[in-house]
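Residue numbering for the sequence shown follows the numbering used here, starting at 601 and increasing by one per position.
Comments concern the structure below.
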Amino acid sequence: MGQDEAFLLEGQSQKERKSNDWTWRWRWRPFDWFRKLSDVLHWSFVLSVVIVYGINQGLSLGLSRISIQYYMKDEQKLQPSEAQIFTGIISLPWIVKPLWGLLTDVLPIAGYRRRPYFILAGSLGVIAMLTLSMNQLRIELALLCLMAGSAGVAIADVIIDACVTENSISHPSLAGDMQSLCGGSSSVGQLIGYMISGFLVHLIGSKGVFGILSMPPSLVVLVGIMIREKFTPSGTYRRVSQKFGDAGKAMVMALKCKTIWRPCLYMYISLAVSLHIHEGMFYWYTDAKDGPSFSQEVVGSISSVGAVGSLLGVLLYHNAFRHHPFRRVLFWSQLLFGASGLLDLILVSRINLKFGIPDYVVAVSDAAITHMIARLKWMPLLVLSSKLCPSGIEGTFFALLMSIDHVGMLSASWAGGFLLHVFNVTRTQFDNLGTVIVIRSLLRVLPIGLLFLVPSSDPNASILPTEMLPTKKGEDSAKTDNMEMAALINPVDQTLAKE
601 MGQDEAFLLE
611 GQSQKERKSN
621 DWTWRWRWRP
631 FDWFRKLSDV
641 LHWSFVLSVV
651 IVYGINQGLS
661 LGLSRISIQY
671 YMKDEQKLQP
681 SEAQIFTGII
691 SLPWIVKPLW
701 GLLTDVLPIA
711 GYRRRPYFIL
721 AGSLGVIAML
731 TLSMNQLRIE
741 LALLCLMAGS
751 AGVAIADVII
761 DACVTENSIS
771 HPSLAGDMQS
781 LCGGSSSVGQ
791 LIGYMISGFL
801 VHLIGSKGVF
811 GILSMPPSLV
821 VLVGIMIREK
831 FTPSGTYRRV
841 SQKFGDAGKA
851 MVMALKCKTI
861 WRPCLYMYIS
871 LAVSLHIHEG
881 MFYWYTDAKD
891 GPSFSQEVVG
901 SISSVGAVGS
911 LLGVLLYHNA
921 FRHHPFRRVL
931 FWSQLLFGAS
941 GLLDLILVSR
951 INLKFGIPDY
961 VVAVSDAAIT
971 HMIARLKWMP
981 LLVLSSKLCP
991 SGIEGTFFAL
1001 LMSIDHVGML
1011 SASWAGGFLL
1021 HVFNVTRTQF
1031 DNLGTVIVIR
1041 SLLRVLPIGL
1051 LFLVPSSDPN
1061 ASILPTEMLP
1071 TKKGEDSAKT
1081 DNMEMAALIN
1091 PVDQTLAKE
């Protein structure tokens, strides 16, 4: 063998080794990422996020949505309008999330602020789901159990949000990673839930699925046992009523800070003008004479693909956009979000059939693309929200921000229903559905004009004024029972004075 041939073989061998090394690093990259987060934030926190977001919230959402629909239709024999009203009532515990956050922030139980509430939330969910699965209840009691289950999920969500927020403030460079972990866990859980929900309802019925849904909250009880938390001496939570008042004052003062209220206003408006017309599209999918007449299994599979799109949005943000400024990501995602809404117009106008494209292909593509862009738009808002929470009321304030978001989504849902009503889109009449889709798509682009409300700073840096950040380690901020809230309120006053 000549020297040239040996040189070529050595070069090929080096390329193969590099290729194998790259493949190996890419394959183990997620595990390295989990290990990095566990080393910095502790494994109990990472596992708690996976359980609360991925299993108790994501998986349960995928399983419960279809099972509740069948339960109300087959077990309770409700009319569609009644079922729609009761579904809204079930979500009420999410609107009062600040209350749960306030309790966890200022009212420790047995010396702990997070652990007992995890156990309480998990126990509430277990009892509610088991009661539904083993009894034939009247609609009033069934609705109460469903609300209790929803409250259990909401309380656990508030607590883990508070933990994420605290870690985002103490480790600002990992804020994007933590939101990626939360969003990714939720998306994977929803994907699994949607994939198996139809099969389980067919196999064991909706009440049987409720029995299975008692398992995720039992894991939340485990989270309350294993998560790390410092013990709070009993003397620090006396005069609870005064602390409630101080927390409320701190929240009001924080909202007066321009650094905080401007992004809050943007988040509400961006959600409120993104009108929801899901029910109009759903009825067109299933009942329109010239529509695709999708079966229940097909509708479920479309939801599964939507969950895949959400997961792709999380991965795309984490790997490509988490270090980009908020305004840049929101500009392009909002613009693409408006354009993606026109995919529904292709279906409704039947343009796809003229080109021989099946309805299912367009519907699946629409679900994947729309959910991916929606998640890509949502991720920077979550990161931003985690950075807007003043020290001492992290759980309460983040819950307030999420409550504002829920009110925005509720506004979008009601406005979308009003738009469907104005254009006479009914169970059997869909002539104006295309017009509704165009209006909705145009409204989705409007928040671009309000991006000046969003900070233009580095997303990995702290956004709050230094006076509202946690005190340095070693400083004694608990000299009196009331010092925790007082230390927060006074700096906020100073910040407002500067502005």
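C-beta atoms are modelled at their ideal positions from N, C-alpha and C, and glycine is treated no differently.
Predicted model only: the values in this text are computed from it and were never measured.
Closest by C-alpha distance to residue i, when choosing among the options
| i | options | result |
| --- | --- | --- |
| L1051 | L1033, V905, Y866, L984 | Y866 |
| M795 | A756, A1012, S780, V898 | V898 |
| R713 | V696, I825, W694 | I825 |
| D674 | A710, L661, L737, I651 | L737 |
| L988 | D966, K856, L692, V1007 | K856 |
| L641 | I827, S986, T1035 | I827 |
| N919 | G711, R927, G784 | G784 |
| R928 | V1025, S660, S1056 | S1056 |
| A543 | P990, D890, L720, H878 | Absent from the structure is residue 543, since the part of the chain shown begins at 601 and ends at 1099. |
| T731 | L720, G848, Q657, L744 | L744 |
| I946 | L935, D966, L702 | D966 |
| I1063 | T859, Y885, L746 | T859 |
| M672 | V1022, I695, A742 | A742 |
| C983 | G789, L774, L1043 | Per the sequence presented here, residue 983 reads as Val, with Cys not at that position. Cα-wise, what sits closest to V983 is L774. |
| Q934 | L911, K954, R975 | R975 |
| R715 | S733, V758, L1020 | V758 |
| P772 | E829, L637, G900, I739 | L637 |
| A963 | T1028, W978, L943 | L943 |
| P708 | G811, E829, I957 | E829 |
Residue i, DSSP secondary structure in three states
| i | result |
| --- | --- |
| I1063 | coil |
| S681 | Residue placement at S681 is poorly supported in this model, since its pLDDT is 47, which falls under 50; the coordinates are not used for a value here. |
| I877 | coil |
| E829 | coil |
| H1006 | helix |
| S780 | helix |
| V696 | coil |
| F894 | coil |
| V652 | helix |
| K1073 | Model confidence at K1073 stands at a pLDDT of 43, short of 50, so the residue's coordinates are unreliable and nothing is read from them. |
| H642 | coil |
| C763 | helix |
| P1091 | Residue placement at P1091 is poorly supported in this model, since its pLDDT is 34, which falls under 50; the coordinates are not used for a value here. |
| K849 | helix |
| T731 | helix |
| N919 | helix |
| G941 | coil |
| A888 | coil |
| L865 | helix |
| Q736 | coil |
| L744 | helix |
| G956 | coil |
| Q589 | Limits of the chain in this structure are 601 at one end and 1099 at the other, which puts residue 589 out of reach. |
| K1101 | Absent from the model: residue 1101. The displayed extent of the chain is 601 to 1099, so no value can be given. |
| V1022 | helix |
| T687 | helix |
| Q934 | helix |
Near the ligand NAP: residue i beta-carbon under 6 Å from a heavy atom
| i | result |
| --- | --- |
| H918 | Among the components modelled here there is no ligand, and therefore nothing to report on the ligand NAP. |
Per DSSP, the bridge partner or partners of residue i
| i | result |
| --- | --- |
| I709 | Y712 |
Inter-residue CB distance, residue i and residue j (contact presumed, cutoff 8 Å)
| i | j | result |
| --- | --- | --- |
| S780 | V914 | 6 Å |
| L663 | V852 | With 8 Å as the limit, L663 and V852 do not qualify as a contact, their Cβ atoms being about 39 Å apart. |
| S818 | G722 | 6 Å |
| P816 | N656 | 4 Å |
| V646 | F634 | 6 Å |
| W694 | H1006 | 5 Å |
Residue i and residue j closer than 7 Å at C-beta
| i | j | result |
| --- | --- | --- |
| P1047 | I869 | yes |
| A756 | A728 | no |
| L1053 | R922 | no |
| T970 | S940 | yes |
| G880 | V1025 | yes |
| L659 | I792 | yes |
| I877 | V1045 | no |
| W884 | F1030 | yes |
| I651 | S797 | no |
| S949 | G1034 | yes |
| T765 | F998 | yes |
| M972 | L912 | yes |
| S986 | S768 | yes |
| F718 | V823 | yes |
| A872 | G1049 | no |
| G1102 | F831 | Because the chain in this structure spans residues 601 to 1099, residue 1102 falls outside the shown range and cannot be described. |
| K807 | S691 | no |
| V905 | A968 | yes |
| G776 | G654 | no |
| Q676 | I760 | no |
| S910 | S787 | yes |
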